[in-house]
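Worksheet for the structure shown next.
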Ligand code: ATP
């Protein structure tokens, strides 16, 4: 079996004295889409923060494509993580509201990526961004802003994409559309870990699912199996 794109072992993290990650073990196979599901407060966003270098772990190990990126309390900077191919689309999106769509995308070329390639990828996956390329990002709908946030993440040609609550505040139809694109992105060879409240939608495009509860992974398996055995945990909120 090939080396997993992401391997998390016995990861612990806390806010002050309150331990929120209590020994997380999670492995995402290379090329797979994995949904990370679970009730509010389970620790999903905290796990994303630790994996993406925004928060320090208290202990545990993370390997990205076989590279050890974090051990114990020693943090790894976002630059180092980007170099091993990790890119995060954070909860709540992160576009520059006073720049146009195209300016937002062109900013990525300052990060060393040719602007032409960034625009081609973005407009290829999201034709609507091309239609609205001269519009200020802050005036676009939530779904369109999410498309832009995803495009900016794709610009760095990631090996692993972390998607935190793509659906946040969006209408169900747009969420379905975004996940159709997630499936296309995965088909191009990008591995994806998506944290999602809309469990059924995420499972539709996932190869595997992991369920988190109380700061630990309590089940992993194929989508059908997880839907059958963990429905009470994962469908507690929006289905
Ligand atoms: P949700 O789906 O509601 O975002 P989640 O599974 O992503 O939930 P986290 O956001 O990781 O869960 O939160 C896990 C626990 O950590 C919760 O009890 C939350 O209140 C707490 N927590 C999160 N962020 C902080 C913070 N900055 N300071 C203190 N406690 C926090």
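In our numbering, the protein residues as written are 3 to 241.
Where a beta carbon is used, it is the ideal one built from N, C-alpha and C, also for glycine.
Because the structure is a prediction, the values reported are computed rather than measured.
Query	Result
Residue 47: CB within 7 Å of a non-hydrogen atom of the ligand ATP	yes
Short Cβ contact (8 Å threshold) for residue 29 with residue 12	no
Spatial neighbours of residue 123 in its chain, beta-carbon cut-off 8 Å, leaving aside the 5 residues before and after	153, 156, 157
Alpha carbon of residue 191 to alpha carbon of residue 161, nearest angstrom	8 Å
Beta-carbon gap between residue 150 and residue 196 smaller than 8 Å	no
Heavy atom of the ligand ATP within 7 Å of residue 223 beta-carbon	no
Near the ligand ATP: residue 43 beta-carbon under 7 Å from a heavy atom	yes
Alpha-carbon to alpha-carbon, residue 169 and residue 193	19 Å
Residue range of the unbroken beta strand (DSSP E) whose run includes residue 223	218-223
Boundaries of the beta strand (DSSP E) in which residue 197 is found, first to last residue	193-197
Reference residue 129, options 117, 92, 180, closest by Cα	180
Supposed close pair residue 52, residue 44 - CB separation, criterion 8 Å	At roughly 14 Å, the Cβ-Cβ gap does not stay under 8 Å, so residue 52 and residue 44 are not in contact.
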